[in-house]
Structure formats: C-alpha cells, structure tokens
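Reviewing the structure listed below.
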Amino acid sequence: MAEKILVIDDDAMNLKMAEFILKRDYEVVCVSSGREALDYLTQSVPDMILLDLHMPEMNGLEVLEKIQGMEKVCHVPVVFLTADSERETEIKIFQAGAMDYIQKPFLAEVVRHRIGRLLELYHLQQSLQQEVEKKTRQLKESSERMQRLSVQVMLSLASAIDAKDAYTKGHSMRVAQYSCELAKRMGKTGREIEDIYYIGLLHDIGKIGIPNAIINKPGKLTEEEYAVIQSHPAIGAEILDNISELPDISIGARWHHERYDGTGYPDRLKGAAIPETARIIGAADAYDAMSSRRSYRDVLPQQAVRAEIEKGKGTQFDPVIAEHLLAMIDEDKEYSLREK
Ligand SMILES: [Fe+2]
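Those letters in the sequence shown? Residues 1 to 340, by the numbering used here.
Now the structure itself:
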C-alpha cells in the first residue's frame, strides 16, 4: 500500500503542485488550513506531513506544536514548506522539531528525492526503535524470570534446610523476615534489605551436612555431637562460597553464631570484627529460637524473650542491633512475630 502524505498549504496552487509531483508514488491528502489538518489527524495517521510555514489563522509552527501534543501522530515526521530563504527561519524550523524543510517554488525532482529519502530514514528509525523496544522487553522479561527463579530456588533450599529438623519448621524464612525488619530499622536501603533476606534464608544451609541423627536427637548431645553441630557455619560458608554475586551470603552463614563478646563460634570473632550482616542474622536467629517451639518447650512469652535480648546486649548481641530488636518487640503489641 502506498505511503500516505498529508500536505497542508493555504495556497491552492501549491497544493495542486505538490499533489501532482507526489501522487505517482504516494497517496496524497491535501488540506488548506491548520484546523482542517488537525481534524484530519484525529482520525488518520499519515506517514509524513508537509506543512506550509506561513498560513493565516494558524501558522505552520503553531500547527506543529499541536501535532506534537497529539499522542497518535506526534511521531510522524513533519517537513516544512517555505519560500523564506532566511537563516533564522531555518533555525526556527529545526528548533521546533521539524525533520526538514523544502524550499518553494517546488522543483519536482528535488521534492521526490527529498521525500523518498526522508521516508526511508523515518521507517528505518521506526523499525530500529521497535527492535530496541522488543529486545528491551525480552531482556526485562528474562531478567524478571531469572529473579523469580532465584527466589524460588532459595526458598526451596530454605525449606530443605528446615526439613532436616522437625523443630525448625519455617525457621529460615522467619530469620530472613526478622533480619529484614532489623535492617530496615537500621536505615538500610532497598538492595541491602533484599540481600539480607537471601542471607537470612540460607544462613543455616550448613545443617544439610549434619547427620539427621544428631540434629533430631531427643536427649542431651554429647560433646562430640555438639562439636558436629557447631561445624554447620563452616560447612554453610563453604557451600555458599560459590555465590560470588552475593559474597555476604557466605559471611552470614559462617559467622551468625559469633557473639559480640568474642565467645561464639566458629572463629571467636569479637565486636565489630564480626561482619554487620552476621551480627544482624545472629540477633534474628536468637530471637526466632526463643519465639518458636522446641521439643522441650513452647514459644517463650514475649517478655521473657525481651529480657533475654536485654541481658545479651553487649555480650551476645551488638548493643545497637539489640536496641533495634527491643524496639521491634515493643512495637509488636500482639506478639505476632513468632512461630504460629
Ligand atoms: Fe545456625
């Protein structure tokens, strides 16, 4: 189908001339005022607009401004028709956003070639833009898919970890949730909060390497068995070391059982030597241990949990993080942050 060109000129002779030159190759629609052109453009989208600069009522620049405000046609290239040969006119035309201009009186060959080239250029631009949009969309879709997949894999891993222990159902997810809550209270931003969620989810992954018989032993653990349990942070760190995209994920696993006073395990790190991420996870982990059921007891009362956190401030816990945890507890009037 022939491309459609809208010609707007108040001079009937010029319209006839333009139609005569272009009708061989294009479908030409001629109108004699800006008003008529705008009416036409509400119903039809041409491939190009040839616009006379000097017209009564609404001049070409005013018409162009209106066209640029019309969503369906604002992208259509506009070429001015002008008898002016002044430099200033030329500048004004381009500044207004026109694609080009054609000097009047028309030279048939020049008009044909100009229009042909400009349309070719315009269509090339259009298809390039469509291609870029398509690729961007595809990239976004696949990146969103990867993101969803990563979250699902991590959640599945977290369930696998928790399934090892009959008494830690939902532990990883709760630690992730509490860690995020603490991170928010500490003023962390979007990405940091997102990262800490993943770190929380997988902090106990090393438990996968501990025999079920030890993890689920009903009675008291022997010294050797306790030592095996205590190896889970190092095992976890080793498992997660490969996730270079999120180095803190292995840090969280390795040091979440360190204590602020340096009496924790596996490395007896002290104070600020324990990475902040691990201090957050450690506090969230301890909080969940108390606010969830164990084989030998029910969920501890909220005030008992609060007292333990208060007691551990500066010994087991980073005092600043402990304060945030206490504030979280105090605001949780219904004690909803616990195992249900
Ligand atoms: Fe742990």
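Where a beta carbon is used, it is the ideal one built from N, C-alpha and C, also for glycine.
**Prompt:** Among 325, 68, 209 and 26, which one has its Cα closest to the Cα of residue 235?
**Reply:** Stepping through the sequence shown from its first residue, residue 235 is reached at position 235. Selected option, being the one with the closest Cα: 209.
**Item:** Through-space distance from residue 268 to residue 152, alpha-carbon basis
**Value:** For the purposes of this step, residue 152 is identified with residue 152 of the sequence shown, where counting begins at 1. For the purposes of this step, residue 268 is identified with residue 268 of the sequence shown, where counting begins at 1. So the alpha carbons of these two residues sit roughly 34 Å apart.
**Prompt:** Hey, is residue 162 close to ligand 1, as in C-beta under 7 Å from one of its heavy atoms?
**Reply:** Working through the sequence shown from its first residue, we reach residue 162 at position 162. False, no ligand heavy atom lies under 7 Å from that Cβ.
**Item:** Bridge-paired residues (DSSP) for residue 51
**Value:** Within the sequence shown, the letter at position 51 stands for residue 51. Bridge partners of residue 51: 8 and 80.
**Message:** Taking contact to mean 3 or more Cβ pairs, one atom from each stretch, closer than 8 Å, check whether the stretch 299-311 and the stretch 249-269 are in contact.
**Reply:** no
**Prompt:** How about residue 125: is its C-beta nearer than 8 Å to some C-beta of chain B?
**Reply:** In the structure shown, chain B does not exist; there is a single protein chain.
**Asked** Mind checking residue 317: buried by the 16 CB within 10 Å criterion, or exposed?
**Response** Along the sequence shown, one-based indexing puts residue 317 at 317. Buried: at least 16 other Cβ atoms inside 10 Å.
**Item:** Boundaries (first-last residue) of the alpha helix (DSSP H) holding residue 39
**Value:** Counted from its first residue, the sequence shown places residue 39 at position 39. That run of the alpha helix (DSSP H) goes 34-43.
**Message:** Which same chain residues end up closer than 7 Å to residue 253 when comparing Cβ atoms and leaving out the 5 residues on each side of it in sequence?
**Reply:** Working through the sequence shown from its first residue, we reach residue 253 at position 253. Once the five neighbours on either side are set aside, the close Cβ partners of residue 253 are 202, 203, 205, 206, 233, 236, 237 and 240.
**Prompt:** Is residue 342 near residue 186, with beta carbons less than 8 Å apart?
**Reply:** The structure shown has nothing for residue 342, since the chain only spans 1 to 340.
**Message:** Shorter than 7 Å, the distance from the beta carbon of residue 232 to the closest heavy atom of ligand 1, or not?
**Reply:** If you number the sequence shown from 1, residue 232 lands on position 232. Because some heavy atom of ligand 1 lies under 7 Å away, the Cβ of residue 232 counts as near it: yes.
**Request:** Pull up the DSSP beta-bridge partners for residue 103, would you.
**Result:** As a working note, residue 103 is residue 103 in the sequence shown. The partner list for residue 103 (beta bridge, DSSP) reads 82.
**Asked** Pick from 218, 9 and 34: whose alpha carbon is nearest that of residue 65?
**Response** What you label residue 65 is simply residue 65 of the sequence shown in a count that begins at 1. Comparing Cα-Cα distances from residue 65 to each of 218, 9 and 34, the minimum goes to 34.
**Request:** With a cut-off of 8 Å on the beta carbons, I'd call residue 77 and residue 48 a contact; round off their distance for me.
**Result:** For the purposes of this step, residue 77 is taken as residue 77 along the sequence shown, with counting starting at 1. For the purposes of this step, residue 48 is taken as residue 48 along the sequence shown, with counting starting at 1. 5 Å between Cβ atoms; contact.
**Asked** Can you list, in chain order, the residues of its chain whose CB lies under 8 Å from that of residue 217, leaving out five sequence neighbours each side?
**Response** Taking the sequence shown and counting its residues from 1, one reaches residue 217 at position 217. Excluding sequence neighbours, residue 217 sits near 225.
**Request:** Can you give me the start and stop residues for the beta strand (DSSP E) that residue 29 sits inside?
**Result:** Indexing the sequence shown from 1 puts residue 29 at position 29. Segment 27-31, the beta strand (DSSP E) holding residue 29.
**Asked** Per DSSP, residue 317 forms a beta bridge with which residues?
**Response** Position 317 of the sequence shown, counted from the first residue, corresponds to residue 317. Paired residues: 313.
**Under the three-state DSSP convention, the category residue 399 falls into** = Any question about residue 399 goes unanswered here, given that the chain covers just 1 to 340.
**Message:** Buried or exposed for residue 256, going by 16 or more other Cβ atoms inside 10 Å?
**Reply:** In the sequence shown, residue 256 corresponds to position 256, counting from 1. Result: buried.
**Prompt:** How many angstroms separate the CA atom of residue 31 from the CA atom of residue 71?
**Reply:** Locating residue 31 in the sequence shown gives position 31, counting from the first residue. Locating residue 71 in the sequence shown gives position 71, counting from the first residue. Pairing residue 31 with residue 71, the inter-Cα distance amounts to about 21 Å.
**Request:** Just mark residue 21 as buried or exposed, buried being the case when its beta carbon has 16 or more other beta carbons within 10 Å.
**Result:** Looking up residue 21 in the sequence shown gives position 21. Residue 21 sits buried, since 16 or more C-beta atoms from the chains shown fall within 10 Å of its C-beta.
**Prompt:** Are residue 132 and residue 101 touching if we call contact CB-CB under 8 Å?
**Reply:** In the sequence shown, residue 132 corresponds to position 132, counting from 1. In the sequence shown, residue 101 corresponds to position 101, counting from 1. No; because the gap between Cβ atoms is not below 8 Å, this pair is not in contact.
**Request:** State whether the stretch 138-153 contacts the stretch 164-183, with contact taken as three or more CB pairs (one from each stretch) at a distance under 8 Å.
**Result:** no
**Item:** Nearest to residue 42 (by Cα), restricted to the options 73, 25 and 305
**Value:** Taking the sequence shown and counting its residues from 1, the one referred to as residue 42 is at position 42. Closest by alpha carbon: 73.
**Asked** Would you say residue 285 touches ligand 1, meaning its beta carbon is less than 7 Å from a heavy atom?
**Response** Taking the first residue of the sequence shown as position 1, residue 285 is located at position 285. Residue 285: yes, Cβ under 7 Å from ligand 1.
**Cβ pair residue 52, residue 81 closer than 8 Å** = By 1-based counting over the sequence shown, the position of residue 52 is 52. By 1-based counting over the sequence shown, the position of residue 81 is 81. At a Cβ-Cβ threshold of 8 Å, residue 52 and residue 81 count as neighbours.
**Prompt:** Between residue 8 and residue 63, is the Cβ-Cβ spacing less than 8 Å?
**Reply:** In the sequence shown, the residue the question calls residue 8 occupies position 8. In the sequence shown, the residue the question calls residue 63 occupies position 63. Going by C-beta atoms, residue 8 is nearer than 8 Å to residue 63.
**Item:** Cut-off 8 Å between Cβ atoms - residues of its own chain near residue 426, not counting five sequence neighbours on either side
**Value:** Here the chain has residues from 1 to 340 only, and residue 426 is not among them.
**Item:** ligand 1 heavy atom lying under 7 Å from the CB of residue 75
**Value:** What you label residue 75 is simply residue 75 of the sequence shown in a count that begins at 1. Every heavy atom of ligand 1 is 7 Å or more from the Cβ of residue 75, so no.
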